[in-house]
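Per full-length UniProt numbering, the sequence shown starts with residue 1, numbered consecutively.
This report refers to the structure that appears directly beneath it.
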Amino acid sequence: MPGLLLGDEAPDFEAETTQGRIRFHDFLGDSWGILFSHPRDFTPVCTTELGRAAKLAAEFSKRNVKMIALSIDSVQDHLSWSKDINAYNGEQPKEKLPFPIIADANRELAVKLGMLDPDERDKDGMPLTARVVFVFGPDKKLKLSILYPATTGRNFDEILRVVDSLQLTAYKKVATPVDWKPGDSVMVVPTLPDEEAKKLFPKGVFTKDLPSGKKYLRYTPQPE
Ligand code: BEZ
Numbered sequence: 001m002p003g004l005l006l007g008d009e010a011p012d013f014e015a016e017t018t019q020g021r022i023r024f025h026d027f028l029g030d031s032w033g034i035l036f037s038h039p040r041d042f043t044p045v046c047t048t049e050l051g052r053a054a055k056l057a058a059e060f061s062k063r064n065v066k067m068i069a070l071s072i073d074s075v076q077d078h079l080s081w082s083k084d085i086n087a088y089n090g091e092q093p094k095e096k097l098p099f100p101i102i103a104d105a106n107r108e109l110a111v112k113l114g115m116l117d118p119d120e121r122d123k124d125g126m127p128l129t130a131r132v133v134f135v136f137g138p139d140k141k142l143k144l145s146i147l148y149p150a151t152t153g154r155n156f157d158e159i160l161r162v163v164d165s166l167q168l169t170a171y172k173k174v175a176t177p178v179d180w181k182p183g184d185s186v187m188v189v190p191t192l193p194d195e196e197a198k199k200l201f202p203k204g205v206f207t208k209d210l211p212s213g214k215k216y217l218r219y220t221p222q223p224e
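What follows is the structure, given as structure tokens:
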């Protein structure tokens, strides 16, 4: 099945959305972008996910990340469902969400982007769209992809956390260790020589001793 691999350029598709027709590259502009897909409108897990995404919109915007969702149904269904999502969030049941939702009624985009879940089917036996997250950099290249089946809701705090990690790598040339949270120490990447690391990270580089004697566990406080 076609899909997207890390480093691939985002396809420059055109689509109808709840905020009008878009061309994906124009939509992204010079920003980072997150595209997250959903199996179907008016379904319980999707409603909780889109509610959480709406609540976190200001956090994504602070990080210069444009959000866009995709679901199988029509624009009209998406608008009507958006009222439920706002109500679920305890807000006025209005049609507007802080991001557009793409209408992919005939699954064309889901197929093109490798998003179908073969185990979850609609009443006509057609596979539903899985829960995919694509994060694109300002160069429109795929920086991260997450693929969950239709039955498992995503953790949007984790999605923000990975955006923070991706941006630290892009702007500060560091990696983030297991269970890293913003504010924790980060790791110097293996390809950076010690002398350069000292210059690049004035807060210091701290190496953990290991039985192998190899000095590869190098930490530095999170750069500003
Ligand atoms: C849901 O969003 O609740 C859902 C959608 C498709 C399959 C299973 C769950």
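Ideal Cβ placement from N, Cα and C applies to all residues, glycine included.
Item                                                                                                                                                 : Value
Taking the CB atoms as reference points, tell me whether residue 26 and residue 142 lie closer together than 8 Å.                                    : no
My guess is that residue 147 and residue 130 are in contact by the Cβ rule of under 8 Å, so how many angstroms apart are they, rounded?              : 6 Å
Check whether the Cβ of residue 118 sits closer than 7 Å to any heavy atom of the ligand BEZ, and report yes or no.                                  : no
At the level of alpha carbons, what is the spacing between residue 71 and residue 201?                                                               : 43 Å
Determine contact between the segment 49 to 59 and the segment 154 to 162, defined as no fewer than three beta-carbon pairs at a distance below 8 Å. : yes
Straight-line CA distance for residue 97 to residue 82?                                                                                              : 7 Å
Measure the C-alpha to C-alpha separation of residue 95 and residue 123 and round it to an integer number of angstroms.                              : 27 Å
Do residue 3 and residue 114 count as a contact pair if the criterion is CB distance below 8 Å?                                                      : yes
Mapping DSSP to helix, strand and coil, what is residue 48?                                                                                          : helix
By how many angstroms is the C-alpha of residue 209 removed from the C-alpha of residue 17?                                                          : 54 Å
Thinking C-alpha only, which one of 215, 43, 217 is nearest residue 244?                                                                             : Nothing can be reported for residue 244: it is not among the residues displayed for the chain, which extend from 1 to 224.
For residue 100, which residues in the same chain have their Cβ closer than 6 Å to its Cβ, ignoring the five residues on either side in sequence?    : 17, 18, 19, 68
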